[in-house]
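Worksheet: the structure to be examined is printed underneath.
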Amino acid sequence: MLSARQLFLQHQAQTTDFPLLLEVERAEGVFMYGPNGEKYLDLISGIGVSNVGHRHPKVIAAIQDQLDKYLHLMVYGEIVQAPPAQLAHALAQTLPAGLDNVYFVSSGSEAVEGAMKLAKRFTGRTEIIAFDKAYHGSTQGALSLNGAESFKRSFRPLLPDVNHLQHNHHADLERITRRTAAVIIETVQGEAGVRVPSQDYMQALRARCTEVGALLVLDEIQCGFGRTGTFWAFEQFGIVPDILTCAKGMGGGMPIGAFISRQEIMHSFKNDPMLGHITTFGGHPVSCAASLATLKIILEEGLLDQVNAKAERFKQRLAHPAIKGIRNLGLMMAAEMESFDVLKAVIDSAILKGVLTDWFLFCDNSMRLAPPLTITFEEIDLACDIILEAIEGHV
Ligand code: PLP
Numbered sequence: 054m055l056s057a058r059q060l061f062l063q064h065q066a067q068t069t070d071f072p073l074l075l076e077v078e079r080a081e082g083v084f085m086y087g088p089n090g091e092k093y094l095d096l097i098s099g100i101g102v103s104n105v106g107h108r109h110p111k112v113i114a115a116i117q118d119q120l121d122k123y124l125h126l127m128v129y130g131e132i133v134q135a136p137p138a139q140l141a142h143a144l145a146q147t148l149p150a151g152l153d154n155v156y157f158v159s160s161g162s163e164a165v166e167g168a169m170k171l172a173k174r175f176t177g178r179t180e181i182i183a184f185d186k187a188y189h190g191s192t193q194g195a196l197s198l199n200g201a202e203s204f205k206r207s208f209r210p211l212l213p214d215v216n217h218l219q220h221n222h223h224a225d226l227e228r229i230t231r232r233t234a235a236v237i238i239e240t241v242q243g244e245a246g247v248r249v250p251s252q253d254y255m256q257a258l259r260a261r262c263t264e265v266g267a268l269l270v271l272d273e274i275q276c277g278f279g280r281t282g283t284f285w286a287f288e289q290f291g292i293v294p295d296i297l298t299c300a301k302g303m304g305g306g307m308p309i310g311a312f313i314s315r316q317e318i319m320h321s322f323k324n325d326p327m328l329g330h331i332t333t334f335g336g337h338p339v340s341c342a343a344s345l346a347t348l349k350i351i352l353e354e355g356l357l358d359q360v361n362a363k364a365e366r367f368k369q370r371l372a373h374p375a376i377k378g379i380r381n382l383g384l385m386m387a388a389e390m391e392s393f394d395v396l397k398a399v400i401d402s403a404i405l406k407g408v409l410t411d412w413f414l415f416c417d418n419s420m421r422l423a424p425p426l427t428i429t430f431e432e433i434d435l436a437c438d439i440i441l442e443a444i445e446g447h448v
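Note that the numbering used here has the sequence shown beginning at 54, numbered continuously upward.
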């Protein structure tokens with residue numbers, strides 16, 4: 054029998070050497086369905102992608118509507134395309150005044166790349182500061198920012214002027230200086246196993262960046278688009294970024310990302326070279342249409358109002374001696390188990406019982422719980438019953 058980790062690797066490599074344990078033919082709402090009547094409750098959401106559930110009818114309708122018009126036109130010509138224009142406008146309305154210049158790309162890593170280049174161009178500086186256990190993507194620039202050496206060592210040399218600070222550690226802030234172009238931080242660290250910084254720390258970080266003229270880049274690729282209970286996670290910390298990156302949940306299942314900034318910053322991308330971060334597919338009309346529908350669903354269907362109550366339900370229902378605690382901001386949750394072995398056994402057993410959970414890249418003892426925000430209380434109860442059953446079988 055394959056472990057969950059083997060399944061993951063198999064999926065990534067797209068090999069056909071061994072039969073798939075988890076064959077999914079169709080997905081709808083919080084469920085995925087196999088060819089022989091199997092039903093899996095998805096507590097991962099593609100790692101924060103399916104925030105509005107799988108195949109939300111309004112997302113599908115928006116995609117179909119755009120399919121009937123056009124798929125792809127010239128991105129950098131004189132053509133004004135409605136989907137990216139409308140999406141940029143809608144995004145700006147969710148953000149503090151001035152954060153209204155949106156540069157579309159096709160993934161999170163690309164958004165991070167763009168944000169770093171923009172910061173270097175605008176400030177004329179080269180140093181980028183990131184954090185221990187950070188995850189910002191797998192392209193070479195984004196990879197350089199990741200906290201874990203195990204991920205980077207085989208690919209050196211990477212970006213030369215990157216330094217890492219200790220997360221949530223006030224004393225380290227002095228290492229941000231007048232030679233720092235940007236400090237990039239996940240507002241809530243995802244792959245570290247949901248590490249939520251203190252509000253106090255985030256405000257001190259904001260103040261230090263302002264003091265030395267470094268740009269503060271908030272990476273909300275995993276924690277944005279409603280995941281934490283507010284549309285953007287930074288709303289809960291009383292700070293505003295200079296550049297914001299988003300992707301994942303943004304597309305409702307379609308590939309799209311963006312970095313967003315103020316006009317005076319974004320305009321430094323206009324010349325020398327012209328079009329500082331050119332990409333063929335960035336702002337793809339079909340992805341933008343899906344994203345606009347996703348944004349509206351989150352804001353108009355009251356999903357944000359219930360995020361905290363749903364997270365609480367998980368916490369109440371998963372009160373068990375084998376779970377040492379649940380770290381979370383909204384429905385971005387990590388349930389800490391006593392050891393990696395127990396975690397692995399419980400994840401594998403839960404999958405076989407019909408609940409898909411997961412671990413984190415840089416945290417060996419915690420189970421990822423990141424269901425679609427549309428999950429109902431009954432579905433939460435069902436998921437928790439199965440997880441508890443899986444735990445009972447292994448402790
Ligand atoms: N930043 C964060 C916080 C992420 O969680 C991820 C992906 O997990 C990325 C960046 C990279 O995004 P992508 O996989 O779309 O390139």
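Backbone N, C-alpha and C define an ideal beta-carbon position, used for all residues, glycine too.
Inset, instruction - Please go through the same chain and pick out, in chain order, the residues whose beta-carbon is closer than 6 Å to the beta-carbon of residue 332, but skip the five residues on each side of it. - result: Once the five neighbours on either side are set aside, the close Cβ partners of residue 332 are 158.
Legend entry - Residues near residue 210 by beta carbon distance below 7 Å, same chain, minus five either side: The answer is none, since no qualifying residue turns up.
Legend entry - Any non-hydrogen atom of the ligand PLP within 8 Å of residue 162 CB: Flag set: Cβ of residue 162 near the ligand PLP.
Inset, instruction - Tell me whether residue 449 sits in a helix, a strand or coil according to DSSP, three-state version. - result: With the chain represented from 54 up to 448, any question about residue 449 goes unanswered, as that position is not in the structure.
Legend entry - Cutoff 7 Å; reference residue 403; Cβ partners in own chain excluding five residues on either side: The residues are 410, 439, 440 and 443.
Legend entry - For residue 180, the first and last residue of its enclosing beta strand (DSSP E): Per DSSP, residue 180 belongs to the beta strand (DSSP E) from 180-184.
Inset, instruction - Excluding the 5 residues preceding and the 5 following residue 132 in the sequence, name in chain order all residues of the same chain whose CB lies nearer than 6 Å to its CB. - result: Apart from sequence neighbours up to five positions away, the residues of its chain that approach residue 132 with a beta-carbon distance below 6 Å are 126, ordered along the chain.
Inset, instruction - Along the beta strand (DSSP E) that carries residue 370, what are the first and last residues, could you check? - result: Bounds of any beta strand (DSSP E) do not take in residue 370; it lies within the alpha helix (DSSP H) bounded by 356-370.
Legend entry - Any non-hydrogen atom of the ligand PLP within 8 Å of residue 291 CB: Answer for residue 291: no, Cβ out of range of the ligand PLP.
Legend entry - Given 8 Å, three or more beta-carbon pairs between the segment 287-297 and the segment 264-271: With the cut-off at 8 Å, the segment 287-297 and the segment 264-271 touch.
Inset, instruction - Pull up the distance between the alpha-carbon of residue 391 and that of residue 423, whole angstroms please. - result: Distance between the alpha carbons of residue 391 and residue 423: 20 Å.
Legend entry - Where the alpha helix (DSSP H) through residue 319 begins and ends: 316-319 is the extent of the alpha helix (DSSP H) around residue 319.
Inset, instruction - Say whether the segment 204-224 touches the segment 146-153, bearing in mind that this needs 3 or more beta-carbon pairs closer than 8 Å, one atom from each stretch. - result: With a cut-off of 8 Å on Cβ pairs, the segment 204-224 is not in contact with the segment 146-153, counting fewer than three such pairs.
Legend entry - Under the three-state DSSP convention, the category residue 344 falls into: Looking at residue 344 - three-state DSSP - the assignment turns out to be helix.
Inset, instruction - With a threshold of 16 other CB atoms inside 10 Å of the CB of residue 239, please say whether the residue is buried or exposed. - result: Counting every other CB atom within 10 Å of its CB across the protein chains shown gives residue 239 a total of 16 or more, marking it as buried.
Legend entry - Inter-residue Cα distance where the pair is residue 266 and residue 434: Roughly 49 Å between the two C-alpha positions.
Inset, instruction - Identify the continuous beta strand (DSSP E) that holds residue 215 and give its terminal residues. - result: Note, residue 215: beta strand (DSSP E), 215-218.
Inset, instruction - Indicate, with yes or no, if the ligand PLP has a heavy atom lying under 8 Å from the CB of residue 188. - result: Yes; taking the cut-off as 8 Å, the Cβ of residue 188 has a heavy atom of the ligand PLP nearer than that.
Inset, instruction - Quick one: measure Cβ to Cβ for residue 140 and residue 344, integer angstroms, because I've assumed they're closer than 8 Å. - result: That belief holds up - the Cβ atoms of residue 140 and residue 344 are roughly 5 Å apart, short of 8 Å.
Legend entry - Cβ shell of residue 112 (< 7 Å), same chain only, five flanking positions each side left out: Only 105, 305, 306, 343, 346 and 347 meet the Cβ criterion.
Inset, instruction - Please confirm whether any heavy atom of the ligand PLP lies closer than 8 Å to the CB of residue 176. - result: The answer is no for residue 176.
Inset, instruction - Please report how far the alpha carbon of residue 302 lies from the alpha carbon of residue 97, in whole angstroms. - result: Taking the straight line joining both Cα atoms gives about 12 Å.
Legend entry - Sequence-distant residues of the same chain with beta carbon closer than 6 Å to residue 201, five excluded per side: Around residue 201: 415.
Legend entry - Counted within 10 angstroms of its Cβ, other Cβ atoms place residue 194 as buried (16 or more) or exposed: It is buried - the Cβ of residue 194 has at least 16 other Cβ atoms within 10 Å.
Inset, instruction - Please report how far the alpha carbon of residue 84 lies from the alpha carbon of residue 95, in whole angstroms. - result: Answer to the nearest angstrom: the Cα atoms are 6 Å apart.
Inset, instruction - Could you tell me which of 312, 372, 397 and 184 sits nearest to residue 229, measuring between CA atoms? - result: It is 184.
Inset, instruction - Please report how far the alpha carbon of residue 436 lies from the alpha carbon of residue 299, in whole angstroms. - result: About 28 Å.
Inset, instruction - Compute the distance between the beta-carbons of residue 318 and residue 204, then report whether it is under 9 Å. - result: Using a Cβ distance threshold of 9 Å, residue 318 and residue 204 do not count as a contacting pair.
Legend entry - Near the ligand PLP: residue 272 beta-carbon under 8 Å from a heavy atom: Proximity of the beta carbon of residue 272 to the ligand PLP is indicated: a heavy atom of the ligand is located closer than 8 Å.
Legend entry - Extent of the continuous beta strand (DSSP E) to which residue 156 belongs: Unbroken beta strand (DSSP E) run through residue 156: 154-158.
Inset, instruction - Look up residue 196 in the DSSP assignment and give the residues it is bridged to. - result: The partner list for residue 196 (beta bridge, DSSP) is empty, contrary to what the question assumes.
Legend entry - Nearest residue (CA-CA) to residue 341, options 278, 103 and 135: Looking at the Cα atoms, 135 is the closest of the given residues.
Inset, instruction - Taking residue 402 as part of the alpha helix (DSSP H), name the residues at either end of that continuous run. - result: Boundaries of the alpha helix (DSSP H) around residue 402: 393-406.
Legend entry - Buried or exposed (CB count within 10 angstroms, at least 16 for buried), residue 449: Outside the shown range of the chain (54 to 448) lies residue 449, about which nothing can therefore be said.
Legend entry - Cut-off 8 Å between Cβ atoms - residues of its own chain near residue 118, not counting five sequence neighbours on either side: Excluding sequence neighbours, residue 118 sits near 342.
Inset, instruction - Whole angstroms is fine: what's the gap from residue 358's alpha carbon to residue 177's? - result: Near 42 Å, if we compare the C-alpha coordinates of residue 177 and residue 358.
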